[in-house]
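Beneath this line is the structure, given in structure tokens, with notes to follow.
Number of protein chains: 2
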Amino acid sequence: MPEITFWYAIGSTYSYLTVMRLSDVAQTTGLTFHWQPFNVRAIMIEQDNIPFARKPARAAHMWRDIERRAPRYGLSPKLPAPYPLEAFDLANQVAILGVREGWARDYTIATYQRWFEQGQPAGSEPNLSDTLRAIGQDPDRVLPLAQTDDILAAYDKATDDARARGIFGAPSFTVGEELFWGDDRLEDAIDWALK
Amino acid sequence: MPEITFWYAIGSTYSYLTVMRLSDVAQTTGLTFHWQPFNVRAIMIEQDNIPFARKPARAAHMWRDIERRAPRYGLSPKLPAPYPLEAFDLANQVAILGVREGWARDYTIATYQRWFEQGQPAGSEPNLSDTLRAIGQDPDRVLPLAQTDDILAAYDKATDDARARGIFGAPSFTVGEELFWGDDRLEDAIDWALK
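Line by line, the protein sequences are chains A and B.
If you read the first sequence in full-length UniProt numbering, its first letter stands for residue 1, the second for the next number, and so on.
If you read the second sequence in full-length UniProt numbering, its first letter stands for residue 1, the second for the next number, and so on.
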């Protein structure tokens, strides 16, 4: 059975829809999804790809679009969520550590719940420590570890891997060499993986 | 029965998918679609929203995405199509005249066929005159008319109307005040119109 890599960054708004439904999708399809955080912000800045800042019409549509689509996945976000995130990198460095230790998915889901459903910015307190405690991780252990050179190097490597695959935004999905961008392409990625 | 306005510009790549399938969609759903050309380029420049120029990763994904999605609508484009268009404004001014005279839809479909399936840039020769003749219009009558102050004013007014509705890209769909952006949101617009 082919596998799908889910490339995301905590800070991406549309990733909320994917993060919150992907576990159900994996169960329904029988596909394995690899959750891979990366620094989408760095890539977007490099490419002068700034979708919402100083683009009020696009930003307004994005929030409304998420609001319209959320109910089909049983989601009730409070929108707009705080955006952009001040602690973007720390939120994702913790996720990188979580990949290594096996709790990235739970951390990411719980982080987005607090961010999009309770209005607490991801990567900042109280979201950060409350999320870690809720998934059984000790913030006093995790937060220093997430800021080591080792984790920073792994974060950079994930970003380099994404860039090399032509990834320019989040969420993205890869099936082998095939790239799909956007929560709205998850079904296309699944079709590709299953065909 | 509610109606849907289809806001498009000849020059938008994803509009190809919508243009080529919208007549079937109208028939299947029983909905009326108003084809409304406007100057999306002017709005995008105003908003510093430049999706593909100098963004090779985004552009590569866009062409591949269209290629992957086209077969589900029975389409076989030759990609990448020539892009961007040199004669963007003229192509759309003719469409504006076509709205007034009742042949905008036929003109737009035939233009996109030649552009995306035969590699002839829209708005330039031979696409422009061959398309007009194919839909029973005389280029010697149409082309001067499409460049009158009257048509330019109508083109500007359509663009002003789009901007006022929060439209920032093409294709877009409006159902009353509700805005949907992207060929991939056509089904959401239909669901909204029918609910």
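Just so it is clear, CB atoms sit at the ideal spot from N, CA and C, and this is done for glycine as well.
My output table needs one value for residue i: the three-state DSSP class, helix, strand or coil.
i, result
"A:ILE10", "strand"
"A:GLU117", "helix"
"A:ILE50", "coil"
"A:GLU86", "coil"
Could one say the Cβ of residue i lies closer than 8 Å to chain B's Cβ atoms, at least one of them?
i, result
"A:ASP160", "no"
"A:ALA60", "yes"
"A:ASP24", "no"
"A:ASP183", "no"
"A:GLY119", "no"
"A:LEU186", "no"
Apart from the five residues on each side of it in sequence, which residues of its chain come closer than 8 Å, Cβ to Cβ, to residue i?
i, result
"B:ARG133", "PRO139"
"B:ARG66", "Contrary to the premise, residue 66 of chain B reads as Ile rather than Arg in this sequence. Excluding residues within five positions, the ones whose Cβ falls inside 8 Å are THR13, TYR14, TYR16, LEU17, PRO77, LEU79."
"B:PHE33", "GLU3, ILE4, THR5, PHE6, LEU22, VAL25, ALA26"
Hey, could you find the ends of the beta strand (DSSP E) residue i is sitting in?
i, result
"B:THR32", "32-37"
"B:GLU178", "178-181"
Considering residue i, what are the terminal residues of the alpha helix (DSSP H) in which it resides?
i, result
"B:GLU46", "40-46"
"B:SER172", "It is not in any alpha helix (DSSP H) - B:SER172 instead sits in the beta strand (DSSP E) that spans 172-175."
"B:SER23", "15-29"
"B:ASP191", "186-194"
Using 8 Å as the limit for Cβ to Cβ distance, is residue i near chain A?
i, result
"B:LYS55", "yes"
"B:ASN49", "yes"
"B:GLY166", "yes"
"B:LEU179", "yes"
"B:ARG68", "yes"
Whose C-beta lies closer than 7 Å to the C-beta of residue i among residues of the same chain, with five residues either side of it excluded?
i, result
"A:GLY30", "MET1"
"A:LEU145", "LEU97, ILE151"
"A:ILE109", "VAL19, MET20"
"A:SER129", "PRO139"
"A:MET62", "THR13, PHE52"
"A:TRP103", "ILE135, GLN137"
"residue 202 of chain B", "It is not possible to answer for residue 202 of chain B, since the shown part of chain B is limited to 1 through 195."
"B:VAL175", "PRO2, ILE4, ALA189, TRP192, ALA193"
"A:THR111", "ILE10, ALA91, ALA122, ASN127, THR131"
"A:ALA95", "ILE10, PRO37, ALA104, TYR107, THR108"
Cutting at 6 Å between CB atoms, please list the residues of its own chain near residue i, excluding the five before and the five after it.
i, result
"A:PRO56", "none"
"B:ALA91", "ILE10, ALA122, GLY123"
"A:MET44", "none"
"B:PHE93", "According to the sequence displayed, residue 93 of chain B carries Gln and not Phe. Cβ neighbours of B:GLN93 beyond the five flanking positions: ALA146, ILE151, TYR155."
"B:HIS171", "Going by the sequence as given, residue 171 of chain B is Pro instead of His. Around B:PRO171: TYR8, SER15, THR18, ASP183."
Note down, one range per segment and in chain order, each alpha helix (DSSP H) of at least 4 residues found wholly within the segment 121-167 of chain B.
127-134, 139-145, 149-164
I'd like the ranges of any beta strand (DSSP E) spanning at least 3 consecutive residues and lying wholly in the segment 58-107 of chain A.
none
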